[in-house]
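Trainee: As given, the protein sequences belong to chains A and B, one line each in that order.
FYI, the numbering for the first sequence is 66 to 318, going by the working numbering.
FYI, the numbering for the second sequence is 94 to 390, going by the working numbering.
Glycine included, C-beta positions come from ideal geometry on N, C-alpha and C.
On a predicted model such as this, the values are computed, not experimentally measured, just so you know.
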Amino acid sequence: MALLSITDITARFGGFRALDYVSLEVGEGELVGLIGTNGAGKSTLFSVATGYIPAGSGSVVFQGENITEVPVHQRVRRGLARTFQVPREFSHMTVFDNLMVGARDQRGEKLGALVFARGAIRQEEERLAERVREVMAFLNLARVSDELAGKLSGGQKKLLEIGRLLMLEPKCILLDEPFAGVNPVLIEQLCDRIVELNRRGIAVLIIEHNLAELARIVPRLYAMDRGRVIASGTPDAVLADPGVREAYMGGVI
Amino acid sequence: MEGYLIAISISVLIYLLMASGLALQYGFTGLVNFGHVGFFAIGSYTSALLALKGVPIPVSLAAATALAALAAYPLGMISLRLGGDYLAIVTLGFSEAVRMTLQTEEWLTRGMHGLPGIPRLFAGWVDPRMIDFCIFLLLLAVCAVVFLLIHHIIRSPFGRVIEAIRDNEVAVRALGKNPAQFKTRSLMIGAGIAGLAGGLQAHYLTFISPEQYVPLITFYIWIALVLGGVGSLRGVVIGTVLLVGFLEGSRFLRDVFTGVSEVQLASVRIWIIGMALICVVLYRPQGLFGKSSRRSN
């Protein structure tokens, strides 16, 4: 059974059909790509899957449970997390604090505990700080630990967003164009980290325009065009698909 | 003269208490609360009415704090699910609704006649001539405790989340946290502090009436915050001391500008505040002691 199954999802903005009965599956621990031209509905699909946009019809099932009506934050708590096309770092906070916010269910977030469980909170903070240091080491962010997140480069912000997701200990992450605006050297590093995450058992679904990089790391690919899934399979098969070539190149080649 | 200085100081401290509540809400959480005076009024009337019924003042003050905080709960639940500026409109409407209610529900509040004879703090405990000074000391202590409390809150994991909400609410949701829940709690704490300030003022003035709780009070606090700098507790203190000190102290301008009528002088005061505000916003938008981050100090 798939970890995440999206079935016959529709979404409309006024008269525009952004998603037209889209179905897609991500298996346990799988690494899957999602490509498509601008406006194909990829990000909208992410938003419906994670609850930012309500589905017009269809269902989102995660770990066997129908979460179509579940609010955003509760989907995340179940282990389904995402990044954004434009990084949404907490710009006035340090990289370290950005990551600290990421951890789930902190006792110190409860006001009562602030008064009655100060010792426990201090211990929890130390434990989280340790994990933050691990995540920073993993993503090569240790150097900028005390920098304000707003001052990071585009690529570092993307890494930071992924780091925040890791603090959540998710089961499945949806990455929206992780390579956009990132310099080639850092792309290499990002790819490497994403593959490593996947190797550790986290299922990953990636939207990306950089087809070459994507094809290199994902074993399976979906292609969307005008709100529909038009092809799926191995990267070679999908990129050779006439419909995909038509959508991308306008039939020129 | 000494008595006057104490009176000004008490006034400053009551505003400071209110301002600290708004600082938590706006400065650290980004909540635009235009109805702060409404919670202040609820605190004043709650504590006054209870004390008039014979409830001991510490208990009535606790009730004032609790009721003001509870009043913020539905406002938060209604408006914080909607984004952005709804809270501003809802809270402004709320504070005016509170004032209207105080005016019209005469069976409870005596309406426009106001509530006279509210038991004074320390009455019967200390020499009557020392009461003002004792109230001043009490307020100083309350302010210190409240500021420590807020400091503790903003440095805690809870504070980290509300700061993150101020920066990017969508991302906070993406981390599995419900921003409305955190914002409602921040709103309630700030409202409770305003309620406490209201109660203390009632037991200092011994007479309250609805027209003391006009929106202007809310905006004075906003001016103080903008002047001093949002997002920093030091800024709150400086802004409030400057503004209220000036508002109360500018009566002495009379002695300087002889030959200027009372009405003109009142206008001059407002003009000076307005100019100061414009200059701060133009040349130092973060406020005199503003900070962009709680960690940068």
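#1: Could you name the residues of the stretch 220-234 of chain A whose beta carbon sits closer than 7 angstroms to any beta carbon of chain B, in the order they occur along the chain?
#2: In this structure, does DSSP put residue 316 (chain B) in helix, strand or coil?
#3: Which runs of the alpha helix (DSSP H), 4 residues or longer, sit entirely within the stretch 207-236 of chain A?
#4: Could you check how far apart the C-beta atoms of residue 320 (chain B) and residue 381 (chain B) are, in whole angstroms? I think they sit under 8 angstroms.
#5: What three-state label does DSSP hand residue 352 (chain B) in the structure shown?
#6: Is residue 106 (chain A) helix, strand or coil by DSSP?
#7: On the three-state DSSP scale, how would you describe residue 286 (chain A)?
#8: On the three-pair Cβ rule with 8 angstroms, is the stretch 324-343 of chain B touching the stretch 107-116 of chain B?
#9: If you follow the alpha helix (DSSP H) that residue 293 (chain A) is part of, which residue opens it and which one closes it?
#10: Show which residues of chain A have a CB atom less than 7 angstroms away from the CB atom of residue 269 (chain B).
#11: Count the other CB atoms, across all protein chains shown, that sit within 10 Å of the CB of residue 372 (chain B); report buried if there are 16 or more and exposed otherwise.
#12: Fully enclosed by the stretch 123-181 of chain A, which beta strand (DSSP E) runs are 3 residues long or longer?
#13: Which residues bound the alpha helix (DSSP H) around residue 213 (chain B)?
#14: At a CB distance below 8 angstroms, what residues from the stretch 172-186 of chain A approach chain C? Give them in sequence order.
#15: Alpha carbon to alpha carbon, how far is residue 239 (chain B) from residue 228 (chain A)?
#16: According to DSSP, is residue 277 (chain B) helix, strand or coil?
#17: Can we say the stretch 134-145 of chain B touches the stretch 155-172 of chain B, given the rule of at least three CB pairs closer than 8 angstroms?
#18: List, in order along the chain, the chain B residues whose C-beta lies closer than 9 angstroms to that of residue 305 (chain A)?
#19: Can you tell me the Cα-Cα spacing of residue 222 (chain B) and residue 274 (chain B), whole angstroms?
#20: Check whether chain B comes within 8 angstroms of residue 197 (chain A), counting only Cβ atoms and requiring the distance to be less than that.
#21: Taking the straight line between their C-alpha atoms, what separation do you get for residue 223 (chain A) and residue 312 (chain B)?
#22: At which residues does the alpha helix (DSSP H) containing residue 341 (chain B) begin and terminate?
#23: State the Cα-Cα distance for the pair residue 185 (chain B) and residue 128 (chain B), rounded to the nearest angstrom.
#24: Quick check on the DSSP output: the beta strand (DSSP E) that includes residue 99 (chain A) runs from which residue to which?
#25: Are residue 144 (chain A) and residue 232 (chain A) touching if we call contact CB-CB under 8 angstroms?
#26: Under the assumption that residue 240 (chain A) contacts residue 282 (chain A) (Cβ atoms under 8 angstroms), give the Cβ distance between them as a whole number of angstroms.
#27: Count Cβ pairs between the stretch 148-155 of chain A and the stretch 257-267 of chain B that sit closer than 8 angstroms; are there 3 or more?
#28: For residue 163 (chain A) versus residue 251 (chain A), is the C-beta distance shorter than 8 angstroms?
#29: So, is residue 243 (chain B) buried or exposed, given that buried needs 16 or more other C-beta atoms within 10 angstroms?
#30: For the structure I just gave you, are there three or more beta carbon pairs, one from the stretch 99-107 of chain A and one from the stretch 286-301 of chain A, closer than 8 angstroms?
#31: Contact check, residue 113 (chain B) vs residue 282 (chain B) under 8 angstroms by CB: the rounded distance?
#32: In or out: residue 322 (chain B) buried (at least 16 other Cβ within 10 Å) or exposed?
#33: In whole angstroms, what is the alpha-carbon distance linking residue 200 (chain B) and residue 368 (chain B)?
#34: Going by DSSP, name the residue or residues bridged to residue 81 (chain A).
#35: My parser needs the alpha helix (DSSP H) runs of 4 or more residues fully inside the stretch 243-301 of chain B; what are they?
#36: Strictly below 9 angstroms CB to CB, what residues from chain B border residue 126 (chain A)?
Mentor: With the structure as the only source:
#1: Residues 229, 233.
#2: Here the question's residue 316 (chain B) lines up with position 223 in the second sequence. Three-state DSSP puts residue 316 (chain B) in a helix.
#3: Counting only runs of 4 or more residues that sit fully inside the stretch 207-236 of chain A, the alpha helix (DSSP H) segments are 219-232, in chain order.
#4: Here residue 320 (chain B) is taken as the residue at index 227 of the second sequence, counted from 1. Here residue 381 (chain B) is taken as the residue at index 288 of the second sequence, counted from 1. Contact between residue 320 (chain B) and residue 381 (chain B) holds, with the beta-carbon distance rounding to 6 angstroms and staying under 8 angstroms.
#5: Taking the first residue of the second sequence as 1, we reach residue 352 (chain B) at position 259. Note: residue 352 (chain B) maps to coil in three-state DSSP.
#6: Counting from 1 along the first sequence, the entry for residue 106 (chain A) is found at position 41. Here residue 106 (chain A) sits in coil by DSSP.
#7: On the first sequence, residue 286 (chain A) is found 221 positions in, with the first residue counted as 1. Correct three-state label for residue 286 (chain A): strand.
#8: In short, these stretches touch, since the Cβ pair count reaches three.
#9: In the first sequence, counting from the first residue as 1, residue 293 (chain A) sits at position 228. Here residue 293 (chain A) belongs to no alpha helix (DSSP H); instead the beta strand (DSSP E) covers 293-298.
#10: By 1-based counting over the second sequence, the position of residue 269 (chain B) is 176. By Cβ distance, chain A contributes 138, 141, 142, 169, 233.
#11: Taking the first residue of the second sequence as 1, we reach residue 372 (chain B) at position 279. Classification of residue 372 (chain B): exposed, given that the 10 Å Cβ count is below 16.
#12: Listed in chain order, the beta strand (DSSP E) runs fully inside the stretch 123-181 of chain A are 145-147, counting runs of at least 3 residues.
#13: The sequence position of residue 213 (chain B) within the second sequence is 120, counting from 1. Run containing residue 213 (chain B): none; DSSP gives neither H nor E here.
#14: Absence of chain C from the displayed structure is noted, the protein chains being A and B.
#15: Reading the second sequence from its first residue, position 146 is the one you call residue 239 (chain B). Reading the first sequence from its first residue, position 163 is the one you call residue 228 (chain A). Cα to Cα, residue 239 (chain B) sits roughly 35 angstroms from residue 228 (chain A).
#16: The count along the second sequence starts at 1 and reaches residue 277 (chain B) at position 184. The answer is helix: DSSP assigns residue 277 (chain B) an H, G or I state.
#17: Proximity of the stretch 134-145 of chain B to the stretch 155-172 of chain B meets the contact definition, three or more beta-carbon pairs being nearer than 8 angstroms.
#18: On the first sequence, position 240 is the one that residue 305 (chain A) refers to. Listed along chain B is no residue with a C-beta nearer than 9 angstroms to that of residue 305 (chain A); the closest approach is about 35 angstroms.
#19: Numbered from its first residue, the second sequence carries residue 222 (chain B) at position 129. Numbered from its first residue, the second sequence carries residue 274 (chain B) at position 181. Those two C-alpha atoms are separated by around 47 angstroms.
#20: By 1-based counting over the first sequence, the position of residue 197 (chain A) is 132. No, its Cβ sits nowhere closer than 8 angstroms to a Cβ of chain B.
#21: To locate residue 223 (chain A), count along the first sequence from 1; it is residue 158. To locate residue 312 (chain B), count along the second sequence from 1; it is residue 219. Residue 223 (chain A) and residue 312 (chain B) have their C-alpha atoms spaced approximately 41 angstroms apart.
#22: Counted from its first residue, the second sequence places residue 341 (chain B) at position 248. Residue 341 (chain B): member of the alpha helix (DSSP H) spanning 326-342, first to last residue.
#23: As a working mapping, residue 185 (chain B) is identified with position 92 in the second sequence. As a working mapping, residue 128 (chain B) is identified with position 35 in the second sequence. In a straight line, the C-alpha of residue 185 (chain B) is about 4 angstroms away from that of residue 128 (chain B).
#24: If you number the first sequence from 1, residue 99 (chain A) lands on position 34. First-last of the beta strand (DSSP E) with residue 99 (chain A): 96-101.
#25: As a first step, residue 144 (chain A) must be located in the first sequence, where it is residue number 79. As a first step, residue 232 (chain A) must be located in the first sequence, where it is residue number 167. Not in contact: residue 144 (chain A) and residue 232 (chain A) (Cβ atoms no closer than 8 angstroms).
#26: Translated into the one-based positions of the first sequence, residue 240 (chain A) becomes position 175. Translated into the one-based positions of the first sequence, residue 282 (chain A) becomes position 217. Between residue 240 (chain A) and residue 282 (chain A) the beta-carbon gap is near 11 angstroms, outside 8 angstroms, which marks them as no contact.
#27: Taking 8 angstroms as the limit for Cβ pairs, the verdict is that the stretch 257-267 of chain B does touch the stretch 148-155 of chain A.
#28: Taking the first sequence and counting its residues from 1, one reaches residue 163 (chain A) at position 98. Taking the first sequence and counting its residues from 1, one reaches residue 251 (chain A) at position 186. It is not a contact, given that the beta carbons lie outside the stated cut-off.
#29: Sequence index remark: in the second sequence, residue 243 (chain B) carries index 150 (1-based). Only buried fits residue 243 (chain B), as 16 or more other CB atoms lie within 10 angstroms of its CB.
#30: The stretch 286-301 of chain A and the stretch 99-107 of chain A touch, with three or more beta-carbon pairs separated by less than 8 angstroms.
#31: For this step, residue 113 (chain B) is matched to residue 20 along the second sequence. For this step, residue 282 (chain B) is matched to residue 189 along the second sequence. Contact annotation, residue 113 (chain B) with residue 282 (chain B): C-beta distance approximately 10 angstroms; criterion of less than 8 angstroms not satisfied.
#32: Numbered from 1 along the second sequence, position 229 holds the residue referred to as residue 322 (chain B). Residue environment for residue 322 (chain B): buried (at least 16 other C-beta atoms within 10 angstroms of its C-beta).
#33: Reading the second sequence from its first residue, position 107 is the one you call residue 200 (chain B). Reading the second sequence from its first residue, position 275 is the one you call residue 368 (chain B). Cα to Cα, the separation comes out at about 44 angstroms.
#34: Position 16 of the first sequence, counted from the first residue, corresponds to residue 81 (chain A). Within the DSSP secondary-structure output, residue 81 (chain A) pairs in a beta bridge with A:78.
#35: Entirely contained in the stretch 243-301 of chain B, the alpha helix (DSSP H) runs reaching 4 residues are, in chain order, 250-260, 262-267, 272-298.
#36: Here the question's residue 126 (chain A) lines up with position 61 in the first sequence. The premise fails here: residue 126 (chain A) is roughly 19 angstroms from chain B at the closest Cβ pair, so nothing lies under 9 angstroms.
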